[in-house]
Amino acid sequence: MGKVFGVVILCLLYPLFVKALNLSFNDDILGLMVFKADVQDPQGKLVSWNEEDDSPCYWNGIKCNPRSNRVSQIVLDGFGLSGKISRGLMRLQFLRKLSLAKNNFTGSISVSIVGLANLRVLDLSENNLFGPIPGDLFEQCVTLRSISLAKNNFLGRIPESLKSCVALVSLNLSSNQFSDLLPSGIWSLNGLRSLDVSDNLLDGEIPVGIEGMYNLRAINLRKNHLKGEVPDGIGSCLLLRSIDLSENFLFGELPETIQMLSLCNELVLKHNVFVGTIPEWIGEMKSLEMLDLSGNNFSGQFPTSVGKLQSLKLLNISRNAISGNLPKSMSSCVNLMTLDVSHNSLTGDIPPWLFKLGLRQVLFSGNKLSGGLKNAFASSLDNSPQKLLALDISCNELADEIPLAIGDFNSLRSLNLSRNSLVGTIPKTVGQLKSLAVLDLSENQLNGSIPVELGGAYSLRELKLEKNALTGAIPTSIGNCSTLLSLSLSHNGLTGPVPVTLAKLTNLQNVDLSFNKLSGILPKQLVNLGHLESFNISHNQLKGELPSGVFFNTISPYSVSANPSLCGAAANMSCPTILPKPIVLNPNSTDSIPGTIPPILGHDKKILSISALIAISAAAIIVVGVIAITVLNLRVRSATSRSALPLTFSGGDGFSPSHSSDANSGKLVMFSGQLDFSTGSHALLNKDCELGRGGFGSVYRTVLADGMPVAIKKLTVSGLVKSQRDFEKEVKKLGKIHHPNVVALQGYYWTPSLQLLIYEFIAGGNLYEHIHEGSSKNLLSWNERFNVILGTAKGLANLHQMNIIHYNFKSSNILIDSSGDPKVADYGLARLLPMLDLYVLSSKIQSALGYMAPEFACKTVKITEKCDVYGFGVLVLEIVTGKKPVEYMEDDVMVLCDMVRGALEEGKVEECVDGRLHGKFPAEEAITVMKLGLMCTSQVPSNRPDMAEVVNILEMIRCPSEGQEELV
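In mature numbering (1 follows the signal peptide of the UniProt record, and there is no 0), the protein residues as written are -20 to -1, 1 to 948.
Next up, the structure:
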């Protein structure tokens, strides 16, 4: 009867148990969802957290107690979360572990975050939490065993309430900004095994009482502002295995009690102010694997007892005042891998036992060692192959030769024997060091030539042989060292040319060949060194022209100085092919005396700029040319007026000729489609439809029968066109050009006395009008200007790819379509003229004033694509500055290139940007574009980049960035 009654009671109470259990689940879910609401989750790590779930135990980062099914662990390390840590965690009453490490949580920490009585582990390390920690934060932390707040931005005092965490085993508060004193209450945590408060701003002395920390295994107080002596009580922490008190202001002698720490394997006391001798008792710490006493004021000789430290792997006593020899007993340290005794006052020879230990790093630099290396190296030959990776014996007093045995160290990656008195030649065996990355033999007395075998050390990244007495040529085998970044051979007696194989070292960043006797011409292939930061060839006997390219066009004059026969802009010496400045002429000047202008308003006469002087000296040639062309044009016009206009068509896709035999009929060829002039032939004679006139003729707008407008150029220089065959050959070549940034040629019309070119019609006007004649409302923004520059560069690069030189490049020949994209017009027409030279020296100078490359004025120089590059450079500066290529002022001529170049030298180039932009442009981008423009206007054609390179540079300059839209 009683059993039945019990079952009935359970059945009645079961729904209440289930309800209570669901409430618990809902409590955990509610707390976690409140926490999630304050969190940003860009990686979607918390997407499985769904408030509709019955239990959170299967959510990502959540673990539950299998008995109670309540949340016991939250581990969200490295989830990429940000935001604040919510009070919602307070609802998780059964939480044992909270780990939010390696995220981007911000805000301060409050009592509510960890006010959880059952918490065992708290890890908030590697976030962006900040501010002081509340003094009472840890008052309820009796169950906490591990706390890590490392790598945040906490500041203020470490709270004294930590002493309440009586079960604490690990405390890590490193890499914050905690200041003031280290709380003495920490020493009462006798269960603590690991204490790390490194990399803070703690001040004062290490508090007494550490002797009670009998469970302590590791203590790290590195990089604070601690002062005073190391307390004697540290020797009572017999279980200590790691001690790091480095980078403080601790002073005095080391307490003898440290020798009692027989289990200690790491003792790091570097960068303090310890004094006295390194004690003999150090040999009693037989478990030591790392002993670092560097950067102190230890003096005297190194103790012989160090030979007892047979477990020692790293010994660093550098930057002290240790004197004498290293004790022979050190040969017993058979596990030693790194030995750093640099910057002391050690004397004597290199110890003969040194290389028998199988060391990985040996650093002896900055001592007073004398003698040679032969004995030490010879003693290593009886052993197994050497494992040495780094050897630095620089800044000593070593003499004698570098032994051939250096080649036996086949694992060596860094060898520095600089600043000694070594003599003899560089041993050929260095070529056997296939892993060598750094070889520094500088500032010795080495002689002879650089061995050809050096090329065998193909892993070299840094080669320094400067300030020796080396002679002979630079070996061509150096081209095998393909990973070389830095090469310094300066202050020797090297002769011969700079080897062309140097150009194979495409990773080179710094080269110094100065103060030698190198001769010959620099290889043009050096332009392939695209990572160069410095290239010093000063004080040699080099000759000829500097290589072209981005780096050499802007090389420092100091780097090429004192080469009497070296020429180029940087060398401040003109090469035989160096040409005069751009031709500019002041049309307002009526003075007959070259180099002067008439006085204005009573002012004295002033001498014009260099560019103007050169221009005026060419004025006579220009006038003769203009008269000649004028006469020719008059003849052409008279012939044209007598010519008939009936047109016979040759449509379709081919180039088939007209079959008309009418002497007054012409030949019309369309490259695609049909053409009907029935509604538009009158336009050729109607000045109302004239769009403009240029050096090659007039342009008219007409409409075809289908309503499509076209632009027709009537060549007014047709009298110069002698051959129909040659004319058609060139025009058909132009008709094959199809590029979005080039105006398309759609056909042509031919008679002996009249030639017409039929183009697509571009309605947006030309670039000159947009820059110089547009209203403030239609002013081009920076983005629009950059797009015009880039599009124009692409169009011109396409023409050059088709072996077509523009010859007449200027802003009025860049048309803007309805989408704002540029199209290069009036290209390739000079090829139609057999009398090009006369034409270029006349009409061209009038029409392309300021855009003309200097070589146009030199009959002996071949006209190439680099002439167009010069004009493009001027155009770039015109677009960026809003100024014309040449502007005539009251008493001077302003040449745009000279103005920008001068501003660059004065560090004021940003002031050259068009003021109408009102600062709405990216300064770095604009400056870089102007530098590119100056590079294109180099006086030396070979120093100008080709247009394909220009396009690549512009595309690299224009990198998408935030805020770009604001400049539109």
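Where is the CB? At the ideal position from N, CA and C, for every residue including glycine. Quantities reported herein were computed from a predicted structural model and do not represent experimental measurements.
When the Cα atoms are used, what is the spatial distance from N427 to N324?
30 Å
Could you check which residue in F134, S126, V432 has the C-alpha nearest to that of G115?
Nearest of F134, S126, V432 to G115, Cα basis: F134.
Which same chain residues end up closer than 6 Å to A833 when comparing Cβ atoms and leaving out the 5 residues on each side of it in sequence?
The beta carbon of A833 is closer than 6 Å to those of C847, Y850 in its chain, skipping five residues each way along the sequence.
L934, DSSP secondary structure in three states:
helix
Please say whether L467 and A483 have beta carbons closer to each other than 8 Å?
no
Just the C-alpha distance for I297 and V321, rounded to the nearest angstrom, thanks.
5 Å
Using a Cβ-Cβ cut-off of 8 Å (strictly less than) and excluding sequence neighbours within five positions of P99, which residues of its own chain qualify?
With the sequence shown as reference, residue 99 is identified as Leu, and Pro is not the correct amino acid for it. Cβ within range, chain order: L75, R76, K77, L78, C121, T123, L124.
State buried or exposed for K842, treating a residue as buried only when at least 16 other CB atoms are found within 10 Å of its CB.
Counting other Cβ atoms within 10 Å of its Cβ, K842 stays below 16 and is therefore classed as exposed.
Is it buried or exposed, M688, if we count other Cβ atoms within 10 angstroms and call 16 or more buried?
exposed
Curious, which full-length beta strand (DSSP E) runs of at least 3 residues does the segment 39 to 80 contain?
The segment 39 to 80 contains these whole beta strand (DSSP E) runs: 42 to 44, 51 to 55, 62 to 64, 77 to 79.
In whole angstroms, give me the CA-to-CA distance for D797 and F531.
36 Å
Does DSSP put L522 in a helix, a strand or coil?
strand
Whole angstroms are fine: how far does the CA of I458 sit from the CA of K712?
51 Å
Does the Cβ-Cβ distance between V880 and T861 come in under 8 Å?
yes
Does DSSP put R881 in a helix, a strand or coil?
helix
Bridge-paired residues (DSSP) for C847
Answer is none; C847 lacks a bridge partner.
Would you grab the beta carbon distance between S470 and N516 for me? Rounded to a whole angstrom, and I think it's under 8 Å.
7 Å
DSSP state of I907, grouped into three classes?
helix
Cβ neighbours of L104 in the same chain (closer than 6 Å, five flanking residues each side left out):
For L104, the CB contacts under 6 Å within the same chain, skipping 5 residues up- and downstream, are L80, L129 in chain order.
Please say whether V248 and D224 have beta carbons closer to each other than 8 Å?
yes
Would you tell me roughly how many angstroms separate the C-alpha atoms of A691 and S922, rounded to the nearest one?
Cα-Cα distance, rounded: 37 Å.
In whole angstroms, what separates the C-alpha of G(-19) from that of I9?
Only weak support is given to the placement of G(-19): the predicted model assigns it a pLDDT of 49, under 50, and the value that follows is read from those uncertain coordinates. Spanning the two alpha carbons is a distance of roughly 40 Å.
Taking one C-beta from the segment 432 to 439 and one from the segment 373 to 380 each time, how about it: are there three or more such pairs within less than 8 Å?
In the pairwise beta carbon analysis, the segment 432 to 439 is classified as not touching the segment 373 to 380: fewer than three pairs are separated by under 8 Å.
Within 8 Å, strictly: CB atoms of L273 and L292:
With respect to the 8 Å criterion, L273 and L292 are not classified as neighbours on the basis of their beta carbons.
Is D18 helix, strand or coil when you go by DSSP?
coil
Cα-Cα separation, D806 to N793
6 Å
Which listed residue (N400, G452, P259) has its alpha carbon closest to that of I302:
P259
Are L149 and L172 close, meaning C-beta to C-beta below 8 Å?
The displayed chain sequence assigns Val, not Leu, to residue 149. Yes, they are a contact pair.
Which stretch, first to last residue, makes up the beta strand (DSSP E) that contains H205?
Its beta strand (DSSP E) spans residues 205 to 208.
What runs of the alpha helix (DSSP H), each 4 residues or longer, lie entirely inside the segment 714 to 802?
Whole alpha helix (DSSP H) segments, 4+ residues: 762 to 781.
Assuming E236 and F254 make a contact with CB atoms under 8 Å, what is their CB distance in whole Å?
With a Cβ gap of about 14 Å, E236 and F254 do not count as contacting.
Considering only the alpha carbon of each residue, which of T405, L371, N400 lies closest to P383?
T405
DSSP three-state label for D272, please.
D272 falls in the strand class under three-state DSSP.
Distance check for V804 and L684, CA to CA, integer angstroms please.
23 Å
Sorted by chain position, which residues of the same chain lie with C-beta nearer than 8 Å to Q366's C-beta, five sequence neighbours on each side aside?
Leaving aside the five residues that flank Q366 on each side, the residues in its chain whose CB is nearer than 8 Å to its CB run, in chain order, F335, G338, S360, D388, F389, N390, S391, L392.
Beta carbon of V859 nearer than 8 Å to that of I769:
The amino acid occupying residue 859 in the given sequence is Ile; Val does not appear at that position. Taking 8 Å as the Cβ cut-off, I859 and I769 qualify as a contacting pair.
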